[in-house]
Every structure is written in C-alpha cells, then in structure tokens.
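Protein chains in written order, with our numbering: chain A, 113 to 255; chain B, 113 to 255.
This report concerns only the one structure given below.
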DNA sequence: TTTCATATTGATAACAGTTCCTATCTCCGT
DNA sequence: ACGGAGATAGGAACTGTTATCAATATGAAA
C-alpha cells in the first residue's frame, strides 16, 4: 500500500508497519498527542520503535495531509487526527486541550486578505481556564 | 525607576540598565525580534550582557505587559512592542513577519465562549507568501 | 515467488532554544 | 556608608527536534 507523497519531488511513500500504527493512534478522536505521547503509547505494540521514527513519520503524515500539525503556544508540538475545521483552547493552568468547532467563526483567511500576502492558512489557539481549574482557583481564593 | 510587577507575589521590579536597554529595542515599531535578535543588537551597547539575562528580562517585561510575547509557529519565540491589537502573517518561504490590524476581525474571544472554558486570550497567526516570494515562485514556475 | 531498487528503520550524535545555578554585584532604603 | 533584597554574568544542563548512516524491510516487476 502506498499513499500520496507530500510533493512531486518525492517519488513514493511506503505504508510501513510503524507508519500504519502511528496513523492508527489518530483514529481516536479528540486527542492531540505530542510526539512523545505517540511514542509512549506505540511502544506497547512496537517496543523497538525509535523516537526518531515517530518524529519522522508524524512529519511525513502531516505533509501528506493525513493528520494535522498543530503549532501552538505550548512547548511541545502536537498533532491532531481531526479532519473537521476546528480550533483549540488550552488551559493555562493544567495544559488540557479541547476542541472548539469553527462553525461560528468567519473565514479568517479571507478577513486577513489585502495586506500584501497571499494567505495560505492560519493557526488559532485560545488560552483559558478549564472548568476543573476554575473551581480549584475559586476555592483557593475563598480561603 | 520601578515598574508594575507581573503579579502580587513579587514586591518590586527594578528598571535596571540592562532591562531599560532591552525595552528600548521595542520602541522601534514593526519589529518582532527573537531573544537572539535582541541579544545580538544589545551587545553593541552592553557587550557583557548574557543571553540568559535577555531571556529573563523579555519574560519579565512581557509579564508586566510592557511587551507582548508571541507564541507562533516558527521555531523561535518572538516578542512584540506593539501596543495596538493586531495579528501577524508569516511568510512560509522566507520567514518574514508582517502586522495585520485586527480592526476587521470580530472579537474572537467572545466567539469562542460557551465550551466550558473561561477564555483569557488567543494567539492567531496567518501563514502565507509575501510579495517577494510570490514573485520568485512565479518566475520559477514559468521556467 | 524471487529479485531488486530504494524508502525506511533504529541508534546515535548533533543541534538550537531555553532554563537553571552560583558567585558576584548593584541598587535602594536606612 | 551600610546591609540586604534582588539583579546580573557566565556557563552548564536540559528539552525537544533534526540529521546521519549502516542495516533492513517494502512494493513492484519479472
């Protein structure tokens, strides 16, 4: 089995066992794992896989548009298997990440036109406090 | 001279020579320097300043809201002295960064409400091609 | 099924950005 | 002028990511 290469200069991409198992990680929706997350989980199935292979394949899979690379504010990079248009909120306290559907937002790329750039896309991430951390904060303040 | 501390736990922040000169870097508008950029420029005036001091002070100044920390998609962190509400476009080819005024955008924080998080802010960055790189790309394709 | 060109792997080293640490120094209030 | 809180310099340590490379596994053709 092969799949579409990232660009025309690369002749062929093979769907290896490692690559397939990495990709399977993204079939569970709502997760936004870091490369290290993926590495840790995958080692149950492939104990000998190397971290470099995980990095390499996440990059390749995202270039092939099978997953999405998130370039967010947090330290580590994350990847997302979600296909639908959506944004993310990150809890500034605990780091939890949730999806925010993009339906209610206007076409931001379109709004950004007219400043000398050909707009190709955008990254939008919200910061906030999740419910749990909000509760924790309130009880602390109350003391 | 003193300035407002990042939060109530810190009693006082001194406006030291290093800190002032770092801050002065941001009086020139339209720049979005990385810590290393700042370090390189500042060493003309303060040859003995250490990179660690630059990092520390950029963080402190941004917590004190005197500059803004940009957490964008590119590898290095950037800081922005601009006070007005605006977003950024980054050229995917050359890395050039330009401002995009936020006037024409709706209140994104408000739009993101109602998903269990208390929204505190957001980071929005556009990716695109600047005029120069677009021209270069076209001429290449034409060949 | 076998063969073969080559994409991919795993291991390791290299790397860049950032944080941490300690001794020293500076500023500010007294 | 002195004392002490807090800042600095310098460098080492750490983290996340990328590059290198010999050995291996893959997919396609015969």
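Note that beta-carbon positions come from the ideal geometry of N, C-alpha and C, so glycine has one too.
Notebook entry, point to check: residue 210 of chain A bridges to which residues according to DSSP?
Noted result: Translated into the one-based positions of the first chain, residue 210 of chain A becomes position 98. DSSP output for residue 210 of chain A lists A:201 as bridge partner(s).
Check: Which class does residue 138 of chain A belong to by DSSP, given the choice of helix, strand or coil?
Finding: Residue mapping note: residue 138 of chain A aligns to position 26 of the first chain, counting from 1. Here residue 138 of chain A sits in helix by DSSP.
Margin query: Any beta carbon of chain B sitting closer than 8 Å to that of residue 230 of chain A?
Written below: Counted from its first residue, the first chain places residue 230 of chain A at position 118. Residue 230 of chain A counts as touching chain B.
Notebook entry, point to check: Quick check: the stretch 187-195 of chain A against the stretch 197-215 of chain B, are there 3 or more CB pairs under 8 Å?
Noted result: no
Margin query: Can you find the residues in the same chain that come closer than 6 Å, C-beta to C-beta, to residue 144 of chain A, ignoring five residues on each side of it along the sequence?
Written below: Along the first chain, read from residue 1 onward, the residue named residue 144 of chain A stands at position 32. Contacts found: 190, 192 and 209.
Check: Rounded C-beta distance between residue 201 of chain A and residue 238 of chain B? I'm assuming under 8 Å.
Finding: Mapped onto the first chain, residue 201 of chain A falls at position 89. Mapped onto the second chain, residue 238 of chain B falls at position 126. Contact flag wrong, Cβ pair sits at about 19 Å.
Item checked: Straight-line Cα distance separating residue 195 of chain B from residue 179 of chain B -> Taking the second chain and counting its residues from 1, one reaches residue 179 of chain B at position 67. Taking the second chain and counting its residues from 1, one reaches residue 195 of chain B at position 83. When rounded, the separation of the alpha-carbon atoms in residue 179 of chain B and residue 195 of chain B is 8 Å.
Notebook entry, point to check: How would you write the range of the alpha helix (DSSP H) that residue 170 of chain A sits in, first residue to last?
Noted result: Counting from one through the first chain, the residue named residue 170 of chain A turns up at place 58. 163-175 is the extent of the alpha helix (DSSP H) around residue 170 of chain A.
Checklist line | Cβ-based neighbour list, residue 206 of chain B, same chain, cut-off 8 Å, excluding 5 preceding and 5 following | finding: In the second chain, residue 206 of chain B corresponds to position 94, counting from 1. Once the five neighbours on either side are set aside, the close Cβ partners of residue 206 of chain B are 242, 244 and 245.
Check: Nearest to residue 125 of chain A by alpha carbon, out of A:173, A:199 and A:164?
Finding: Start at 1 with the first residue of the first chain, and residue 125 of chain A comes out as number 13. With distances taken between Cα atoms, residue 125 of chain A lies closest to A:173.
Note to self: Measuring only the C-alpha atoms, how far is residue 175 of chain A from residue 203 of chain B?
What the structure shows: Taking the first residue of the first chain as 1, we reach residue 175 of chain A at position 63. Taking the first residue of the second chain as 1, we reach residue 203 of chain B at position 91. Straight-line Cα distance between these residues: approximately 18 Å.
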